[in-house]
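Under my numbering, the final residue of the sequence shown carries the number 369; numbering is consecutive throughout.
Backbone N, C-alpha and C define an ideal beta-carbon position, used for all residues, glycine too.
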Amino acid sequence: MGARVSIDWDDVFMAAALEPALWMESLDRMARETGASHGQLIGIGGARDLPFNLITNSDGWRFQELIDAGGYLADVNYRVAANEDQLARGYYDPIICEAHYDRAIERLKSPVYMEFCAEIDIPHGCQTNLVLDGMGLIGLATLRKAGEGRTTPEQLRVFAAAAAAARRAVRLQERLEGQQGKLLAGAFDALAMTAFVIDSRGRLLAHSQGAEALLTAGDVHLRDGMIEARGTPYPLSRAVAALVADGGTSHVQLRLDLCGGRPSVFLEGFRLPVRSWSFGRVPHAILVAKQTHRDRAGVMAFLSAIYGLTSAEADIAIRLYEGRPRGDIAAERAVTAETLRGQIKSLYSKIGADGEAALIRTLAAIMA
C-alpha cells in the first residue's frame with residue numbers, strides 16, 4: 002500500500018476563512034479524513050443562545066425542537082457537559098472524545114439529547130474549543146454513527162491537526178470581519194458624515210471622525226462597548242437594541258439634543274442586509290447623522306457607502322424609486338434589457354431587498 006498523503010490543513014481551512022461559503026466543504030473534508038459522517042462548527046454565546054451551527058450532511062435534523070427542549074444545557078447534553086468538565090479543571094481547548102462523554106452521560110438529568118442522537122445516529126465523535134472569549138465559544142467537532150465506532154487514537158491525531166488549522170482560520174476570519182466595520186466607517190469619513198457602525202450584539206464596531214467628535218464631547222457615551230445618549234423619542238441605546246433584535250425594525254430615527262445651545266443631531270439607523278451566519282464581528286447596523294439636504298449625488302454616495310453599490314447600481318436604484326420604467330432606464334443608460342436585469346438583481350442582493358417594493362421601502366427611509 003502507498004504511504005498516506007499528508008494533508009495541509011491550513012490550506013483546507015484558510016480557504017474557508019477567506020470565503021466563508023467554503024466552511025461546509027472544509028468540515029466535510031475533516032469528517033471524511035477522521036472516518037466520521039459529519040463535521041461541525043458551532044458558535045454559542047452573544048446575541049442568541051445559538052448564533053450558528055454548521056453541520057455537514059444534516060438535512061432534516063430537527064434542531065429547533067432540540068433547542069426548545071433545552072438540548073444544549075449541560076445537564077441534558079453530554080457533549081456540552083464534557084466540555085464544561087474540562088473548563089472547570091482549567092483546560093480550555095482539550096480534545097474531548099467518547100471517554101469524556103461516558104463520564105458525562107452518568108450525570109445527565111434528561112434523556113432528550115441522547116434520544117436525539119439515537120434518532121439521527123450520532124452517538125460518537127470528538128470535539129474541541131477553537132475560541133473561548135467574552136463573545137462566547139466557537140467549537141469544532143466530528144459526529145460519528147454507531148457503525149463507525151468510537152474515535153481511534155490515529156483519528157484523534159488527525160482531528161487535532163485539523164483543529165489547530167481551523168483555530169487559526171477562525172481567528173483570521175474574525176479579524177477580516179472586524180476590518181469591514183473600519184472600512185465602512187472610512188467610507189463615511191470620505192463623505193464627511195457622522196456614522197456609528199454596530200455589530201450583531203449591539204456593540205460599537207467602528208465609527209467615523211464625526212462620531213468621534215460626539216464621543217469626545219460627551220454627547221454620546223461608550224459603556225462596555227455600547228453607545229448611549231439621551232434621545233427623542235427614545236434613548237440611543239433603545240434605537241440600537243431595536244436594530245439588532247431578532248424581528249426588530251430595519252429603520253429608526255431619533256434626535257439628540259446637545260448641551261450648550263448647540264444644534265440638535267438627527268440620527269437615522271439602518272439594519273444592513275443579514276448574513277446567514279458570521280462570527281459576530283461583521284457590521285449589522287449603522288447609525289448616521291441625517292443630512293438636511295440630499296441631492297442625487299449625495300444619495301448615490303450614501304448607497305455606495307452603506308450597501309456597497311456600484312455607481313451604476315446606485316443610479317438605477319434611484320431611477321426605480323422615482324418610478325421610471327425599466328425600458329426607459331435601459332435606454333437612458335445605453336445598456337441592454339438583459340444587462341439591466343443583472344444590475345437590478347445585484348443591487349437587490351446587496352440591499353437585501355426581495356423585489357422592487359422592498360427596494361422602494363428602503364430608499365423611502367433614506368430619501369425622506
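According to DSSP, residues forming a beta bridge with residue i
{"i": "N54", "result": "I43"}
{"i": "A290", "result": "L268"}
{"i": "R256", "result": "T233 and F267"}
{"i": "Q128", "result": "I97 and A142"}
{"i": "H222", "result": "E229"}
{"i": "L341", "result": "Answer by DSSP bridge pairing: none, since L341 is not bridged."}
{"i": "L133", "result": "L138"}
Straight-line gap, residue i to residue j (C-alpha atoms, nearest Å)
{"i": "Y416", "j": "Y235", "result": "The question about residue 416 has no answer here: the residues shown for the chain are numbered 2 through 369."}
{"i": "M136", "j": "R327", "result": "46 Å"}
{"i": "I56", "j": "L131", "result": "16 Å"}
{"i": "G179", "j": "G203", "result": "14 Å"}
{"i": "L364", "j": "I345", "result": "14 Å"}
{"i": "A17", "j": "I121", "result": "27 Å"}
{"i": "A313", "j": "K291", "result": "24 Å"}
{"i": "V336", "j": "L192", "result": "29 Å"}
{"i": "A318", "j": "L360", "result": "8 Å"}
{"i": "V159", "j": "H285", "result": "36 Å"}
{"i": "L216", "j": "Y114", "result": "48 Å"}
{"i": "Q156", "j": "Q254", "result": "55 Å"}
{"i": "E26", "j": "R145", "result": "17 Å"}
{"i": "D355", "j": "A242", "result": "24 Å"}
{"i": "L206", "j": "I199", "result": "5 Å"}
{"i": "W62", "j": "A70", "result": "14 Å"}
{"i": "H315", "j": "S279", "result": "In the sequence as presented, His is not what sits at residue 315; that position holds Ala. Distance between the alpha carbons of A315 and S279 is about 26 Å."}
{"i": "M227", "j": "S238", "result": "7 Å"}
{"i": "D370", "j": "G281", "result": "Nothing about residue 370 can be read from this structure; the chain reaches only from 2 to 369."}
{"i": "P264", "j": "E213", "result": "17 Å"}
{"i": "T340", "j": "D329", "result": "13 Å"}
{"i": "L133", "j": "F303", "result": "37 Å"}
Residue nearest to residue i in terms of C-alpha spacing, selected from the options
{"i": "Y73", "options": "G46, N58 and L215", "result": "G46"}
{"i": "Q41", "options": "L67, E116, D69 and A142", "result": "A142"}
{"i": "L88", "options": "N54, A119, T129 and D103", "result": "T129"}
{"i": "L19", "options": "G356, Y79, D69 and L177", "result": "L177"}
{"i": "D11", "options": "R63, R172 and N78", "result": "R172"}
{"i": "G270", "options": "A331, F197, P21 and T311", "result": "F197"}
{"i": "A105", "options": "R80, I352 and L138", "result": "R80"}
{"i": "K183", "options": "A306, S7 and A331", "result": "A306"}
{"i": "Q210", "options": "R325, P21 and M194", "result": "M194"}
{"i": "S277", "options": "L28, F53 and V13", "result": "F53"}
{"i": "A366", "options": "A32, H252 and H208", "result": "H252"}
Check: residue i C-beta below 7 Å from any heavy atom of the ligand SAH
{"i": "W24", "result": "Only the bare structure without any ligand can be found here, which leaves the ligand SAH out of the picture."}
The segment 28 to 40 / the segment 142 to 151 touching (three or more Cβ pairs under 8 Å): As far as the Cβ criterion goes, the segment 28 to 40 touches the segment 142 to 151, which means the pair count is three or higher.
Length-filtered (3 minimum) beta strand (DSSP E) runs lying within the segment 135 to 210: Fully enclosed beta strand (DSSP E) runs of 3 or longer: 137 to 145, 196 to 199 and 205 to 208.
The segment 184 to 196 / the segment 156 to 173 touching (three or more Cβ pairs under 8 Å): Contact fails: fewer than three Cβ-Cβ distances are below 8 Å.
Touching by the beta-carbon criterion (3+ pairs, under 8 Å), the segment 91 to 101 and the segment 119 to 133: By the criterion of at least three beta-carbon pairs nearer than 8 Å, the segment 91 to 101 is in contact with the segment 119 to 133.
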